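Q:
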Amino acid sequence: MMNNPNPISTYLVPGKRVHLVGIGGVSMCPLAEVLRGMGLLVQGSDMTDSDTVEHLRGLGIPVAIGHNAENLGDCDFVVRTAAVHDSNPEIAGAVARGIPVYERAQAWGAIMRHYPNALCVSGTHGKTTTTSMCTHIFMAAQADPTVMIGGTLPLLHAGYRVGHGDTIILESCEYCNSFLSFFPTVAVILNVEEDHLDFFKDLADIERSFHRFAELVPAAGHVVVNADNPGAMDAVAGVDRPLFTFGLDHPADCTAANLREADGVPDFDVLIRGEKYAHVTLHVYGRHNVLNALAAASAAWVLGIPGSAVEAGLSAFTGAGRRFEHKGTFNGAELYDDYAHHPDELHALLTTARAMGYRRVVVAFQPHTYTRTAKLFDQFVEELKLADVVILAEIYAAREQNTLGISSADLCRNIPGSVYCSTLDKVAEQLRQTAQPGDLILTVGAGDIYRAGEKLLKKD
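The sequence shown begins at 30 in our numbering and counts up by one.
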């Protein structure tokens, strides 16, 4: 990387001052707290103020709003998110001053090397939920894990924890090949689909990245892979590491038997190579969550966790923050929020929602990034048609500039009966006018669409 004659581990010692660029991000915030807990002096910057930024300030971590080279102060090294580019003034300022710059993933990778068991959960979809399920299982087993999740888990009241056991559990993202800086002893691959096409060329390029991720596992480790997902299986083809498969539709080492719905949620036996390992009753909906649970159970099994902990952990799991999270009731309609921002995730969410028996499914969707919306436009259109009512918020820019000239209004023109709203206030007002008793209202997207639901509930 840039200006880096030494590995980042040489800087991860008490008393060193680190500056985090993008400190308010979902994996940067926990990194800030973990580094602070290790005795480092932590500071950072972010583009906007947020609840996360205020939380960090409450811990005594100074956070500047806006990016400026002066924010670096007298820091010893810099850690940035994958979304921060070389042209960022703080990165350019660090390079000019000879301050080493490292990636967020390199920091997590250096931290995980201290753990005998590094359980890394990857995939295009389902990472947060499956990492959360693994956390529940390992907590039930009293393994005292260290955890980093890309969302909030009610069990932890946060998206991370610092434990004292021999296991670290990390949500592992492929964007910008971030997870290739990790050192997994167990690599879980949930699925491999087209996404992040602002970085990857195509699906084959994404599969190559996951292949390299699987090859990071040592010979004594395991690659846990979804036998039902063609992209995942293509990605691990030729990998010379122990493979452990899970699935429902294809032969696999771990599968479900006696699968049924009990009070609307899945209930099943987990079989490992034909032998019963655990009996699971989930409290989250959908076939996709059965697969997530099988992935978590597989990871637990290869790491020697007893089936009783799988039963207890998954029984207590009610979902991660922003993953089909119940927010409240408005005018007799139930309001949920979900992080889905890819067509496949929308399909899983909306097919599950339609099977739940509500009078109508009302979706307020906020696309995430211009490139994703453009590249997967037709798929978004088709999946959104599964809803009875579609309200479209403007695209959430995240790390991008709108060089493509695309808008959610373009989606609206292709979805009959849909409504386009240019602001979240207008989304909330449209929901207020639309909601009827018996409806299921979903605010959906990886940006700040949840705020529209919160505005709606405040008006109730």
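In this text, a Cβ means the ideal position worked out from N, Cα and C, and glycines have one as well. These numbers come from a predicted model, not from an experiment.
1. Over what stretch of residues does the beta strand (DSSP E) that includes PHE297 continue unbroken?
2. Assuming ASN321 and MET162 are in contact, meaning their beta carbons sit under 8 Å apart, how far apart are those beta carbons, in whole angstroms?
3. VAL473 and ASN443 - do their beta-carbons sit closer together than 8 Å?
4. Determine the contact status of GLY89 and SER74, defining contact as a CB-CB distance below 8 Å.
5. Tell me the DSSP secondary structure of MET30 in three-state form.
6. Cα-Cα, which of ASP80, SER56, ARG316 and ASP282 is closest to GLU200?
7. Answer yes if the stretch 354-368 comes into contact with the stretch 477-484, meaning at least three C-beta pairs across the two stretches below 8 Å, and no otherwise.
8. Residue ranges of each alpha helix (DSSP H) run of no fewer than 4 residues wholly in the stretch 370-410, ordered along the chain?
9. What are the uninterrupted segments assigned as beta strand (DSSP E) that are 3 or more residues long and contained completely in the stretch 114-144, given in chain order?
10. Report all residues from its chain with a CB closer than 6 Å to the CB of LYS45; omit the five preceding and five following residues, and keep chain order.
11. What are the start and end residues of each continuous alpha helix (DSSP H) run of 4 or more residues lying completely inside the stretch 411-488, in chain order?
12. How many Å lie between THR452 and GLU458 at the Cα?
13. First and last residue of the alpha helix (DSSP H) that includes GLY260?
14. Which stretch, first to last residue, makes up the alpha helix (DSSP H) that contains CYS58?
15. In the DSSP output, what is ASN255 paired with across the bridge?
16. Kindly say whether HIS154, judged by its beta-carbon, lies nearer than 8 Å to any beta-carbon of chain D.
17. Would you call the stretch 370-379 and the stretch 151-159 in contact, with 3 or more CB pairs under 8 Å?
18. Within its chain, find whatever has a CB closer than 8 Å to the CB of GLY467; leave out the 5 residues flanking it on each side and keep chain order.
19. If distances are taken between C-alpha atoms only, which option among LEU413, LEU49, ARG428 and ALA422 comes closest to THR398?
20. Whole-angstrom Cβ separation of ALA98 and PRO118, contact assumed at under 8 Å?
21. Which residue comes first and which comes last in the alpha helix (DSSP H) that contains ILE514?
22. Spatial neighbours of THR381 within its chain, please: C-beta separation below 6 Å, excluding the five flanking residues on both sides.
23. Pick helix, strand or coil for ASN287, following the three-state DSSP scheme.
24. Short of 7 Å in beta carbon distance, which residues of its chain neighbour HIS165, apart from the five on each side in sequence? Order them along the chain.
25. Based on the DSSP output, what are the partners of ASP367 in its beta bridges?
26. Check whether the Cβ atoms of ASN258 and THR214 sit closer than 8 Å, and answer yes or no.
27. Using the three-state DSSP reduction, which class does GLY342 fall into: helix, strand or coil?
28. Any idea which residues DSSP pairs HIS225 with across the strands?
A: Inspection of the coordinates gives the following:
1. 294-301
2. 6 Å
3. no
4. no
5. Because the pLDDT at MET30 is just 48, under 50, the model does not fix this residue reliably, and the value given afterwards should be weighed accordingly. MET30 falls in the coil class under three-state DSSP.
6. SER56
7. yes
8. 372-383 and 399-404
9. 130-132
10. LEU69 and ASP105
11. 437-443, 453-463 and 479-488
12. 10 Å
13. 259-265
14. 57-66
15. PHE275
16. Of the protein chains in this structure there is only one, and it is not chain D.
17. yes
18. GLY361, ALA362, TYR387, ARG388 and ARG389
19. ARG428
20. 5 Å
21. Only positions 30 to 489 of the chain appear in this structure, which leaves residue 514 out of reach.
22. TYR314 and GLY315
23. strand
24. LEU184, GLY342, LEU343, ALA345 and PHE346
25. VAL473
26. no
27. helix
28. HIS225 pairs with nothing; no bridge assigned.
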